[in-house]
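> Before I ask anything, let me first share the structure, which is written out below as structure tokens.
Residue numbers (my numbering): 866 to 1307.
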């Protein structure tokens, strides 16, 4: 088996000054005697990728195939071997495969998985590769596009989801009302306006409830934090030594969210069924929250054939207006095998103009990672003015220690209690704060 080199060793021994996109026209560094006195061609260098399996999302499956064809043609001396896993169970399959002896050079990532991957020594920082590269520098990227831990960069996002509200523009126009976008431009799009929108557009048609808003995504801690920022708080103190969930701001915010459920303005968990699905795209909810990745769901479900699509940033709260930047980066192995093909693949897949065009149909390119790249859209109903309004308010979340255990054992239980109003919010959050603080200090 070929000995794996660290990135510093590889760059020192091979004189790697800039293994970037320009390598397409260059012969790769020969390894293991693959090239003799010139009579033999170099063997292909292989990079192993653990990637996401998007089966079921047609646009993504097609984009992956197009990118593979593009990369193979541009880099004929590199071989890319991909193993894929679906979203559900992705991290479990990766860690099990590595424990069984599998080795990967590049790994598909999501910002909430980063602490788990670092804790298990699956990935390493990119800083040496970035510093040695002649085509990119850390300064080329927006701060919100970088996944950093203790000053080290582990990911440079290829996909940034800037969260926003999607609403049924046709319903608003038919009512002759001011649109949320117009309210935002006039400085009137606040949390009371959000609540009033949900009340105004909650109705019943032929005995079937039509909900003014779909609040289910608020359950995600990375979505909830946007609302918390707007209310002047978050879930944790600065050093993650104590939970802030029982403070005045979080209590008030949970009560604000709870009224949507108590008043029937949003569907309760489990209300949507296969026989009677409830979603924004079929008109059963007048609005929802999601990142721009939701464009692929809107298209796949045929929503533009049913009504006009409306877009608006998250409202302004007592402490400001924010949108969370949910990042998808590829991560580099803590012990990569062939750095040349792996880094070339990483850069092409993450930052090349070709990849930006290929993956635009799944929502990529609306919030580019690199400052010099202009935002891209695909569909005529996408509102570029809204995307531009979101860019200045993008902010990345902080992932807490023991994140998965905290969410599954404590956060989700408390959220369900709030939705069902089993006891006062103050009691629910008091217990959540106590248990959360004990967890991170255990």
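Glycine included, every Cβ here is placed at the ideal spot set by N, Cα and C. The structure displayed is predicted, hence computed values, not measured ones.
With DSSP run on the structure shown, which of helix, strand or coil describes residue 1040?
Here residue 1040 sits in coil by DSSP.
> Is the distance from the Cβ of residue 1294 to the Cβ of residue 1271 below 8 Å?
For residue 1294 and residue 1271, no; Cβs fall outside 8 Å.
> Could you say if the stretch 1278-1293 and the stretch 1040-1047 meet the contact criterion of at least three C-beta pairs nearer than 8 Å?
These segments do not touch.
> Looking at residue 1021 and residue 1010, is the spacing between their C-beta atoms short of 8 Å?
Yes, the Cβ-Cβ distance between residue 1010 and residue 1021 is below 8 Å.
> To the nearest angstrom, how far is the alpha carbon of residue 1317 from that of residue 1205?
The structure shown does not extend to residue 1317, since the chain is modelled only from 866 through 1307, so no value can be given for it.
> How big is the Cα-Cα spacing for residue 1173 and residue 1033?
Roughly 6 Å separates the two Cα atoms.
> Looking at residue 912 and residue 943, is the spacing between their C-beta atoms short of 8 Å?
In contact: residue 943 and residue 912 (Cβ atoms closer than 8 Å).
> Given that a residue counts as buried once 16 or more other Cβ atoms are within 10 Å of its Cβ, and exposed if not, what is residue 1072?
Flag for residue 1072 reads exposed.
> Between which two residues does the alpha helix (DSSP H) containing residue 1011 stretch?
Not the alpha helix (DSSP H): residue 1011 falls in the beta strand (DSSP E), residues 1011-1014.
> Could you check the C-alpha separation between residue 1297 and residue 1115 for me, to the nearest Å?
Between residue 1297 and residue 1115, the C-alpha separation is close to 12 Å.
> Specify, as a first and last residue, the run of the beta strand (DSSP E) that residue 1175 falls within.
Note, residue 1175: beta strand (DSSP E), 1174-1177.
> With a floor of 4 residues, list each alpha helix (DSSP H) that falls wholly inside the stretch 1138-1172, ordered by position along the chain.
Within the stretch 1138-1172, the complete alpha helix (DSSP H) runs of at least 4 residues are 1159-1165.
> How about residue 1119 and residue 1108: do their beta carbons lie closer than 8 Å?
It is not a contact, given that the beta carbons lie outside the stated cut-off.
> What residue range is occupied by the uninterrupted alpha helix (DSSP H) comprising residue 1045?
Run containing residue 1045: 1045-1050, per the alpha helix (DSSP H) assignment.
> From residue 994 to residue 1260, what distance separates their C-alpha atoms?
For residue 994 and residue 1260, the distance between alpha carbons rounds to 26 Å.
> For residue 1294, does the three-state DSSP call read helix, strand or coil?
Looking at residue 1294 - three-state DSSP - the assignment turns out to be helix.
> Is the distance from the Cβ of residue 974 to the Cβ of residue 1184 below 8 Å?
For residue 974 and residue 1184, no; Cβs fall outside 8 Å.
> If we call anything under 8 Å between Cβ atoms a contact, is residue 1150 one with residue 1079?
Taking 8 Å as the Cβ cut-off, residue 1150 and residue 1079 qualify as a contacting pair.
> Tell me which residues share the same chain as residue 985 and place their Cβ nearer than 7 Å to its Cβ, disregarding the 5 neighbours each side in the sequence.
Contacts found: 960.
> Starting from residue 1116 and walking both ways along the beta strand (DSSP E), at which residues does that stretch end?
Per DSSP, residue 1116 belongs to no beta strand (DSSP E); it is in the alpha helix (DSSP H), 1113-1127.
> If you measure from the beta carbon of residue 929 to each beta carbon in chain D, is any gap under 8 Å?
The structure shown contains no chain D; it is built from a single protein chain.
> How is the beta strand (DSSP E) around residue 910 delimited, first residue to last?
Segment 910-917, the beta strand (DSSP E) holding residue 910.
> Since residue 1033 is in the beta strand (DSSP E), which residue starts that stretch and which ends it?
That run of the beta strand (DSSP E) goes 1029-1033.
> Relative to the alpha-carbon of residue 1231, which residue among 1125, 1191 and 945 has its alpha-carbon at the smallest distance?
Checked all of 1125, 1191 and 945; the closest Cα to residue 1231 is 1191.
> Taking C-beta to C-beta, are residue 1165 and residue 1178 nearer than 8 Å?
Against a cut-off of 8 Å, the Cβ pair of residue 1178 and residue 1165 comes out as no contact.
> Quick check: the Cα distance between residue 1028 and residue 1014, rounded to an integer number of angstroms?
Cα to Cα, the separation comes out at about 23 Å.
> In angstroms, rounded to a whole number, what distance separates the CA positions of residue 1308 and residue 987?
Because the chain in this structure spans residues 866 to 1307, residue 1308 falls outside the shown range and cannot be described.
> Kindly provide the ranges of any beta strand (DSSP E) runs that are 3 or more residues long and lie completely inside the stretch 948-975, ordered along the chain.
Qualifying beta strand (DSSP E) stretches, in chain order: 971-973.
> Closest to residue 1262 by C-alpha separation, out of 977, 971, 964 and 1287, would be which residue?
It is 977.
> Taking residue 1192 as part of the beta strand (DSSP E), name the residues at either end of that continuous run.
Run containing residue 1192: 1188-1193, per the beta strand (DSSP E) assignment.
> Taking 8 Å as the cut-off, decide whether the C-beta atoms of residue 1142 and residue 1076 are in contact.
Not a contact, by the Cβ cut-off of 8 Å.
> Is it a yes or a no for the stretch 1274-1290 touching the stretch 1044-1062, going by three-plus beta-carbon pairs under 8 Å?
Cβ pair count under 8 Å is below three, so no.
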